[in-house]
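Novice: This is the structure I have questions about; it appears just below.
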Amino acid sequence: MKIGLLSYRSHPYSGGQGIYIKHLSKALNELGHEVSVLSGPPYPELDDSIQLIQIPSLGMFETENRMKLFNLGLLLKPLDLYEWVTVMTGGFPEPYTYGKRVYKYLKNNKKDFDIILDNQSLCSSLLNIQDMLPLAVTIHHPITKDHKLEMENASNWKEKLSSIRWHNFLPMQMRVAPKLNKIICVSGPSKEDIVKEFLVEDNKIEVILNGIDINKFIPGPSSLVKSNRIITTASADIPLKGLKYLIQALPEILRSFPKTTLTVIGKSPSNSEVSELIGNLDLKDIISFKSGISEKEIVDLYHASEIAVIPSLYEGFGFGAGEAMACGVPLISTHSGGLKEVVGDCALEILPSSKDEIEKAVISLFNDHEKRKELSVKGRLRMETKFDWKIAASSYELSFQEVIESFNNEHNKV
Numbered sequence: 002m003k004i005g006l007l008s009y010r011s012h013p014y015s016g017g018q019g020i021y022i023k024h025l026s027k028a029l030n031e032l033g034h035e036v037s038v039l040s041g042p043p044y045p046e047l048d049d050s051i052q053l054i055q056i057p058s059l060g061m062f063e064t065e066n067r068m069k070l071f072n073l074g075l076l077l078k079p080l081d082l083y084e085w086v087t088v089m090t091g092g093f094p095e096p097y098t099y100g101k102r103v104y105k106y107l108k109n110n111k112k113d114f115d116i117i118l119d120n121q122s123l124c125s126s127l128l129n130i131q132d133m134l135p136l137a138v139t140i141h142h143p144i145t146k147d148h149k150l151e152m153e154n155a156s157n158w159k160e161k162l163s164s165i166r167w168h169n170f171l172p173m174q175m176r177v178a179p180k181l182n183k184i185i186c187v188s189g190p191s192k193e194d195i196v197k198e199f200l201v202e203d204n205k206i207e208v209i210l211n212g213i214d215i216n217k218f219i220p221g222p223s224s225l226v227k228s229n230r231i232i233t234t235a236s237a238d239i240p241l242k243g244l245k246y247l248i249q250a251l252p253e254i255l256r257s258f259p260k261t262t263l264t265v266i267g268k269s270p271s272n273s274e275v276s277e278l279i280g281n282l283d284l285k286d287i288i289s290f291k292s293g294i295s296e297k298e299i300v301d302l303y304h305a306s307e308i309a310v311i312p313s314l315y316e317g318f319g320f321g322a323g324e325a326m327a328c329g330v331p332l333i334s335t336h337s338g339g340l341k342e343v344v345g346d347c348a349l350e351i352l353p354s355s356k357d358e359i360e361k362a363v364i365s366l367f368n369d370h371e372k373r374k375e376l377s378v379k380g381r382l383r384m385e386t387k388f389d390w391k392i393a394a395s396s397y398e399l400s401f402q403e404v405i406e407s408f409n410n411e412h413n414k415v
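Here is the structure:
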């Protein structure tokens, strides 16, 4: 098959969606398919065998001085003007603007593809693409969940208004999702939330679990482990990740284990509740943030960590949990959203939004060498047997064949 993967931003440093595109494209290609990734910036890191088709935008989120991007020529380019104005007023236009641009490309090059898979843009143009080519759409989880949690955690009306403006694309996604013929999601809980939040018919949704690169995320020698080092994957400015509760737990953990340190794979906070919390608790020397690093560097960080903690309030899947388990790092995790399906019984479970539970679990696991060893072995085995990208790609292959057959049958009637 000639497969086109659509993704409005795809760099692995952009989060789970970038990881998804990188590994799924490679796994599908290894099954013998011709795979192209049609991506907006920031562009992905892809295997050499994968074709990257760039769908340029103004790239405003990668530009420090956005005012410089304005010129009178924008007045003659309505889509560019819409992108510029939306970003300058606090919105997020990429799903919509990317959709318009990629539809134009596909309209002129539709013979190059047997099937299209959209990576959660849920843009209005998908309804046009669906009439033109066989289409499946991945929804990792409904972003309405992020928005609701942000609103609940907002400390003032300005933060609430900012969240409402940023999520200006949600009405479009909620309108488009129920009209799609085929949706793929990454966990059972995610499917339940898509049905509830986006009002999608249950029979339109198929669950295909994501994979973890178990050949790169592997256990390291025990000699590399730094005693009492905790690792987590979380963006400091996204309440959904629950990082503040882990930080709130650190003072009590430090009383029992004074040499404890925390490594956060994610962007450092800037003028946020988390940055204020770190300052107030005098934890600047205890916590280090790592972003924009390579896959190998991430693996090295896991190898140096004694335990991993995932305090997320919600995850559609949870790559951070899966990668830690694949590296044999004993895990403490909430079971929110898709995390329950990822971690199973291979982690110490904690309730979300509870610093007390994090304190107890971390202190307990630091004190219990045998439990750490048990979780390390069980976690790795779970990733090997259930979350291999080869397994995921084979399921996508079967799903694509069904979508193509259904599309051809429908259009042969006309």
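Heads up, the numbering used here is the position in the sequence shown plus 1, with the first residue counted as 1.
Virtual Cβ for every residue (Gly too), placed ideally from N, Cα, C.
Just so you know, these numbers come straight off a predicted model, no measurement behind them.
Taking the continuous beta strand (DSSP E) assigned at A137, which residues delimit it?
Specialist: Position 136 of the sequence shown, counting from 1, holds the residue named residue 137. Counting along the chain, the beta strand (DSSP E) containing A137 begins and ends at 136-140.
Novice: Using alpha carbons as the reference points, say which of L251, S273, S271, R256 lies closest to L263.
Specialist: One-based indexing of the sequence shown puts residue 263 at position 262. The residue with the shortest Cα to Cα distance from L263 is L251.
Novice: Could you compute how far the alpha carbon of D132 sits from the alpha carbon of Y104?
Specialist: Working through the sequence shown from its first residue, we reach residue 132 at position 131. Working through the sequence shown from its first residue, we reach residue 104 at position 103. Distance between the alpha carbons of D132 and Y104: 11 angstroms.
Novice: Are there 16 or more other CB atoms within 10 angstroms of the CB of K260, so buried, or fewer, so exposed?
Specialist: By one-based count along the sequence shown, residue 260 stands at place 259. Exposed, by the Cβ-count rule.
Novice: The alpha helix (DSSP H) with T454 in it runs from where to where?
Specialist: Examination of residue 454 is not possible in this model, given that the chain is present from 2 through 415 alone.
Novice: May I have the straight-line CA-CA distance separating Y44 from I165, to the nearest angstrom?
Specialist: For the purposes of this step, residue 44 is taken as residue 43 along the sequence shown, with counting starting at 1. For the purposes of this step, residue 165 is taken as residue 164 along the sequence shown, with counting starting at 1. In a straight line, the C-alpha of Y44 is about 27 angstroms away from that of I165.
Novice: Give me the Cβ distance between I308 and I333, rounded to the nearest whole Å; I'm assuming they're in contact under 8 angstroms.
Specialist: Here residue 308 refers to the residue found at position 307 when the sequence shown is read from its first residue. Here residue 333 refers to the residue found at position 332 when the sequence shown is read from its first residue. Confirmed, Cβ separation roughly 6 angstroms.
Novice: Is K3 closer than 8 angstroms to D115 when the C-beta atoms are compared?
Specialist: Along the sequence shown, read from residue 1 onward, the residue named residue 115 stands at position 114. Along the sequence shown, read from residue 1 onward, the residue named residue 3 stands at position 2. Yes, Cβ-Cβ distance for D115 and K3 is below 8 angstroms.
Novice: Is the stretch 221-232 touching the stretch 396-410, taking contact as three or more C-beta pairs under 8 angstroms?
Specialist: The stretch 221-232 is not in contact with the stretch 396-410.
Novice: For a test of the three-state rule: what should DSSP assign to D119, helix, strand or coil?
Specialist: As a working note, residue 119 is residue 118 in the sequence shown. Reduced to three states, the DSSP call for D119 is strand.
Novice: Any idea if G280 is buried or exposed, counting beta-carbon neighbours within 10 angstroms, 16 or more meaning buried?
Specialist: Your numbering for residue 280 matches position 279 in the sequence shown. The residue in question, G280, is exposed, as its Cβ has fewer than 16 Cβ neighbours within 10 Å.
Novice: Skipping 5 residues on each side, what residues in its chain have a beta carbon closer than 7 angstroms to that of G329?
Specialist: Taking the first residue of the sequence shown as 1, we reach residue 329 at position 328. Excluding residues within five positions, the ones whose Cβ falls inside 7 angstroms are P220, S377, G380, R381.
Novice: Does the distance from the CB of T139 to the CB of I185 come in under 8 angstroms?
Specialist: By one-based count along the sequence shown, residue 139 stands at place 138. By one-based count along the sequence shown, residue 185 stands at place 184. Yes, the pair counts as a contact, with Cβ atoms nearer than the cut-off.
Novice: Which whole-angstrom value describes the C-beta separation of Q18 and S26, a residue pair presumed to lie in contact below a C-beta threshold of 8 angstroms?
Specialist: As a working mapping, residue 18 is identified with position 17 in the sequence shown. As a working mapping, residue 26 is identified with position 25 in the sequence shown. Not quite, the Cβ-Cβ distance comes to about 12 angstroms (not below 8 angstroms), so this is no contact.
Novice: Is it buried or exposed, H141, if we count other Cβ atoms within 10 angstroms and call 16 or more buried?
Specialist: Sequence index remark: in the sequence shown, residue 141 carries index 140 (1-based). It counts as buried.
Novice: Can at least three beta-carbon pairs, one atom from the stretch 120-128 and one from the stretch 289-298, be found at a separation below 8 angstroms?
Specialist: Taking 8 angstroms as the limit for Cβ pairs, the verdict is that the stretch 289-298 does not touch the stretch 120-128.
Novice: For P42, which of L200, L244, L77, R102 has the nearest alpha-carbon?
Specialist: As a first step, residue 42 is located in the sequence shown; it is residue number 41 there, counting from the start. Here the closest residue by C-alpha is R102.
Novice: Could you check whether S37 and Q52 sit closer than 8 angstroms to each other, using their CB atoms as the reference points?
Specialist: Residue mapping note: residue 52 aligns to position 51 of the sequence shown, counting from 1. Residue mapping note: residue 37 aligns to position 36 of the sequence shown, counting from 1. In contact: Q52 and S37 (Cβ atoms closer than 8 angstroms).
Novice: Return the Cβ separation of G212 and A393 in integer angstroms, given the expectation that the two are a contact with Cβ distance under 8 angstroms.
Specialist: As a position in the sequence shown, residue 212 is number 211, starting the count at 1. As a position in the sequence shown, residue 393 is number 392, starting the count at 1. With 8 angstroms as the limit, G212 and A393 qualify as a contact, their Cβ atoms being about 4 angstroms apart.
Novice: If you measure from the beta carbon of D283 to each beta carbon in chain B, is any gap under 8 angstroms?
Specialist: In summary, chain B is missing from the structure at hand, where a single protein chain is found.
Novice: Applying the 10 Å Cβ sphere with the 16-neighbour rule, what's the burial state of K112?
Specialist: Counting from one through the sequence shown, the residue named residue 112 turns up at place 111. Exposed, by the Cβ-count rule.
Novice: Hey, G91 and W167 are a contact pair by Cβ (cut 8 angstroms); roughly how many whole angstroms apart?
Specialist: Start at 1 with the first residue of the sequence shown, and residue 91 comes out as number 90. Start at 1 with the first residue of the sequence shown, and residue 167 comes out as number 166. Contact flag correct, Cβ pair sits at about 6 angstroms.
Novice: Output the distance between the C-alpha atoms of A325 and V196, rounded to the nearest integer angstrom.
Specialist: Numbered from 1 along the sequence shown, position 324 holds the residue referred to as residue 325. Numbered from 1 along the sequence shown, position 195 holds the residue referred to as residue 196. Using only the alpha carbons, I get a separation of about 30 angstroms.
Novice: Whose C-alpha, out of I351, E316, L59, is nearest the C-alpha of V187?
Specialist: What you label residue 187 is simply residue 186 of the sequence shown in a count that begins at 1. The shortest C-alpha separation from V187 is found at E316.
Novice: Would you mind working out which of L241, S223, L349 sits nearest D301, comparing C-alpha positions?
Specialist: Looking up residue 301 in the sequence shown gives position 300. Nearest of L241, S223, L349 to D301, Cα basis: S223.
Novice: Which residue's Cα is closest to the Cα of S191: P143, S163, E31, D147?
Specialist: For the purposes of this step, residue 191 is identified with residue 190 of the sequence shown, where counting begins at 1. Residue P143 is the option with its Cα nearest to S191.
Novice: What residue from H148, N72, M152 has the CA that sits closest to P172's CA?
Specialist: Taking the first residue of the sequence shown as position 1, residue 172 is located at position 171. Of the listed residues, the one whose Cα sits closest to P172 is H148.
Novice: Determine, using beta carbons only, whether S337 and S355 come nearer to each other than 8 angstroms.
Specialist: Within the sequence shown, the letter at position 336 stands for residue 337. Within the sequence shown, the letter at position 354 stands for residue 355. Contact flag unset, no.
Novice: If we ignore side chains and look at the alpha-carbon of each, how far apart do H412 and A178 end up?
Specialist: Reading the sequence shown from its first residue, position 411 is the one you call residue 412. Reading the sequence shown from its first residue, position 177 is the one you call residue 178. Approximately 21 angstroms, taken between the alpha carbons.
Novice: Can you tell me where the alpha helix (DSSP H) with R166 in it begins and where it stops?
Specialist: Working through the sequence shown from its first residue, we reach residue 166 at position 165. Segment 158-167, the alpha helix (DSSP H) holding R166.
Novice: Relative to the C-alpha of K341, which candidate in G60, G33, I311, L200 has its C-alpha closest?
Specialist: Walking along the sequence shown from the start, residue 341 turns up at place 340. The option with the nearest alpha carbon to K341 is I311.
Novice: If you compare alpha carbons, which of L210, L255, N72 is closest to K387?
Specialist: Numbered from 1 along the sequence shown, position 386 holds the residue referred to as residue 387. Of the listed residues, the one whose Cα sits closest to K387 is L210.
Novice: List the residues that DSSP assigns as beta-bridge partners of F290.
Specialist: Looking up residue 290 in the sequence shown gives position 289. The partner list for F290 (beta bridge, DSSP) reads V265.
Novice: Give me the DSSP bridge partner(s) of E35.
Specialist: The residue you call residue 35 lines up with position 34 of the sequence shown. K3.
Novice: To the nearest angstrom, how far is it from the Cα of G243 to the Cα of A235?
Specialist: As a working mapping, residue 243 is identified with position 242 in the sequence shown. As a working mapping, residue 235 is identified with position 234 in the sequence shown. Taking the straight line from one Cα to the other gives about 8 angstroms.
Novice: Please look up how many angstroms separate the CB atoms of E274 and S156, rounded, as I've assumed it's under 8 angstroms.
Specialist: As a first step, residue 274 must be located in the sequence shown, where it is residue number 273. As a first step, residue 156 must be located in the sequence shown, where it is residue number 155. With a Cβ gap of about 7 angstroms, E274 and S156 count as contacting.
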